[in-house]
Amino acid sequence: ETGVTQSPTHLIKTRGQQVTLRCSSQSGHNTVSWYQQALGQGPQFIFQYYREEENGRGNFPPRFSGLQFPNYSSELNVNALELDDSALYLCASSLDGNSYNSPLHFGNGTRLTVT
Amino acid sequence: GESVGLHLPTLSVQEGDNSIINCAYSNSASDYFIWYKQESGKGPQFIIDIRSNMDKRQGQRVTVLLNKTVKHLSLQIAATQPGDSAVYFCAETPDSSNTGKLIFGQGTTLQVKP
Chain Y
970 ETGVTQSPTH
980 LIKTRGQQVT
990 LRCSSQSGHN
1000 TVSWYQQALG
1010 QGPQFIFQYY
1020 REEENGRGNF
1030 PPRFSGLQFP
1040 NYSSELNVNA
1050 LELDDSALYL
1060 CASSLDGNSY
1070 NSPLHFGNGT
1080 RLTVT
Chain A
11 GESVGLHLPT
21 LSVQEGDNSI
31 INCAYSNSAS
41 DYFIWYKQES
51 GKGPQFIIDI
61 RSNMDKRQGQ
71 RVTVLLNKTV
81 KHLSLQIAAT
91 QPGDSAVYFC
101 AETPDSSNTG
111 KLIFGQGTTL
121 QVKP
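Top line first, the protein sequences correspond to chains Y and A. For my numbering, add 969 to where a residue sits in the first sequence, where the first one is 1. For my numbering, add 10 to where a residue sits in the second sequence, where the first one is 1.
Dropping the structure here:
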């Protein structure tokens, strides 16, 4: 069984630039959720994708957007990067958008630094 | 508002002792709770979950207790080992229609002394 994989592992960008982060879900999982984790904090929900559509969104501005592909992999795009966007971005997969029997399984994240 | 908090930022225990990590939540409508363990440089790892129709659930060396009356959640780790050293997060689902949207607490750092 393949777990959740994310790429790249580290990334440095300049304020105002755009970034794309990628995630491959665990085999058998069709739902992907994205979280932002600032240093010393708990993860914060950005949004979730289920069957290629956004299925719930947290308190993040529209410059945070995403995609899910037919193979259930996903991308997180952030436009007009700000210094406060520096964080660990976590992807998590699960089976179906609402399943108590399928808790989220997280990848190891992408560490984004905005300078 | 939606918030999940933990009572202590750091817990230090002796190897072999039992550990208890506490968590308070504010949303009485939450009906699903999860504990995650996060080691340095890694993503959160699922430990155990519990639904609001249960008071207690046991796993391997771990037990989660839920007290809905006072909105309190705890994680008990038996015979704590050095490998248990990590940051522990409790999380709740305030929206039963979307269990992928979790509200995480700040985390408690567990330090295991040899």
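Idealized CB from N, CA, C, for every residue including glycine. Predicted, not measured: the structure shown is a model, and the values here were computed from it.
What residue range does the beta strand (DSSP E) around residue i cover?
| i | result |
| --- | --- |
| tyrosine 35 of chain A | 29-35 |
| valine 74 of chain A | 72-77 |
| glycine 1035 of chain Y | 1033-1037 |
| glutamine 121 of chain A | 118-123 |
Can you tell me whether DSSP reads residue i as helix, strand or coil?
| i | result |
| --- | --- |
| leucine 112 of chain A | coil |
| aspartate 1065 of chain Y | coil |
| leucine 1052 of chain Y | helix |
| glycine 1025 of chain Y | strand |
| aspartate 105 of chain A | coil |
| aspartate 94 of chain A | helix |
| arginine 1020 of chain Y | coil |
Below 8 Å on the Cβ atoms is my guess for residue i versus residue j; work out the distance and round it to an integer in Å.
| i | j | result |
| --- | --- | --- |
| leucine 1081 of chain Y | valine 988 of chain Y | 6 Å |
| serine 29 of chain A | threonine 90 of chain A | 5 Å |
| leucine 83 of chain A | valine 74 of chain A | 7 Å |
| glycine 1027 of chain Y | glutamine 1013 of chain Y | 6 Å |
| isoleucine 31 of chain A | phenylalanine 43 of chain A | Contact flag wrong, Cβ pair sits at about 13 Å. |
| glycine 1078 of chain Y | leucine 1059 of chain Y | 5 Å |
Any beta-carbon of chain Y closer than 8 Å to the one on residue i?
| i | result |
| --- | --- |
| proline 124 of chain A | no |
| glutamine 121 of chain A | no |
| alanine 69 of chain A | Going by the sequence as given, residue 69 of chain A is glycine instead of alanine. By this cut-off, glycine 69 of chain A is not an interface position. |
| lysine 81 of chain A | no |
| lysine 47 of chain A | no |
Distance cutoff 8 Å, beta carbons only. Does residue i sit that close to anything in chain A?
| i | result |
| --- | --- |
| glutamine 987 of chain Y | no |
| glycine 997 of chain Y | no |
| phenylalanine 1038 of chain Y | no |
| proline 977 of chain Y | no |
Whether or not the segment 1007-1018 of chain Y and the segment 1049-1067 of chain Y are in contact is what I'm after, with contact meaning three or more pairs of Cβ atoms, one per stretch, closer than 8 Å; do they touch? Remark: three or more beta-carbon pairs, one from each stretch, lie closer than 8 Å, so the segment 1049-1067 of chain Y and the segment 1007-1018 of chain Y are flagged as touching.
Would the segment 983-1001 of chain Y count as touching the segment 1017-1033 of chain Y if we require 3 or more Cβ pairs under 8 Å? As far as the Cβ criterion goes, the segment 983-1001 of chain Y touches the segment 1017-1033 of chain Y, which means the pair count is three or higher.
Do the segment 35-54 of chain A and the segment 1020-1040 of chain Y make contact, defined as three or more Cβ pairs closer than 8 Å? By the criterion of at least three beta-carbon pairs nearer than 8 Å, the segment 35-54 of chain A is not in contact with the segment 1020-1040 of chain Y.
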